[in-house]
Structure formats: structure tokens, C-alpha cells
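Chemist: Each step along the sequence shown adds one to the number in this note's numbering, with nothing skipped, and position 6 is 11.
Cβ coordinates follow ideal geometry from the N, Cα and C atoms, glycine included.
A single structure is presented below for examination.
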Amino acid sequence: MESLLPLIETSTQLPQWLRCLNGRKWVFSNGPQHYVEAIVRHLGIEAQIEDCFGMDSFGLMPKPRVAAYTRVLRQAGLDAGRCIMVEDSAANLKTAKRLGMRTVWLSHQIRKPAWVDWRITSLLDLRRI
6 MESLLPLIET STQLPQWLRC LNGRKWVFSN GPQHYVEAIV RHLGIEAQIE DCFGMDSFGL
66 MPKPRVAAYT RVLRQAGLDA GRCIMVEDSA ANLKTAKRLG MRTVWLSHQI RKPAWVDWRI
126 TSLLDLRRI
């Protein structure tokens, strides 16, 4: 999987921008823990990310299963109602919304499902929300 890292675009703006964005930040991914951590390092955002939760963190119950979300929320000591989930999968956001999170869909699709609060085309667009 590390051979995929060079294919992931990096931005010098992202680390700076995440520093300015209020709130605590976590990464919650269906990828293996070691790969999620490698991506965070590759993007240069490890100083802005409080913790990473790869599939190893929540067992073999991947998103969009409720059990994955509740396990991560419990491990991080978070209340779903105080979270905003940013995700590129609308299906994963549906579960987040059901649990009480606000949702941001990273997509170029024009139409957004009812369970999506905001649609953006770039992470940098989070500044306007």
C-alpha cells in the first residue's frame, strides 16, 4: 500500500489551513491503521490530527456500519452530536447523520442527499462552512 502514497496529491496549504480550522480533528478510515497513519504523515498534517482510527481500531465492522462509528466515538470520548464528519462517501455520511453528526460530503456531484448538510469539492472549501 505504501506504493500508493506517491499518487496522493499533497498541498502546502492543507497543513496551514487545518491549523486555522477550529476544533479537534481525527481521521476515521476503512483502511488499515498503518496506512492511515502513513497518509497523514505523507500529507504533512500529523501535527493537526489528534488521532487516527483505521480498520484495526474498530474491528472488522467497517463504515457505514453503526458499530464502527460507535466504537470510534467511544474510544475518542466524543459525543456524536458535537461532531462534523467530512467524507467522500454519501453512504458513510448517512450513518453519521443517523447518529446525530453534522455532515459534509466531499464530492463533485451536483445533487446532495437529504442527510448531507453541506457539499464541498475540496477540503479547503471547509473554510466557508
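In whole angstroms, give me the CA-to-CA distance for L26 and R132.
Modeler: Roughly 7 Å between the two C-alpha positions.
Chemist: As a quick exercise: from I44, G49, D84 and V45, pick the residue whose alpha carbon is nearest that of Q18.
Modeler: With distances taken between Cα atoms, Q18 lies closest to G49.
Chemist: For P90 versus V109, is the C-beta spacing smaller than 8 Å?
Modeler: Correcting the residue type first, residue 90 is Met in the shown sequence and not Pro. Yes, they are a contact pair.
Chemist: Return helix, strand or coil for R116, following the three-state DSSP convention.
Modeler: Correct three-state label for R116: coil.
Chemist: Can you list, in chain order, the stretches of the alpha helix (DSSP H) that have 4 or more residues and sit fully within the region 49 to 90?
Modeler: Segments of the alpha helix (DSSP H) lying fully in the region 49 to 90: 71 to 81.
Chemist: Can you give me the Cβ contacts of G105 inside the same chain, cut-off strictly under 6 Å, excluding the 5 residues immediately before and after it?
Modeler: Within the same chain, G105 has close Cβ partners A85 and G86.
Chemist: Under three-state DSSP, which class holds L26?
Modeler: Note: L26 maps to coil in three-state DSSP.
Chemist: Out of R24, C88 and W22, which one is the CA nearest neighbour of F33?
Modeler: Of the listed residues, the one whose Cα sits closest to F33 is C88.
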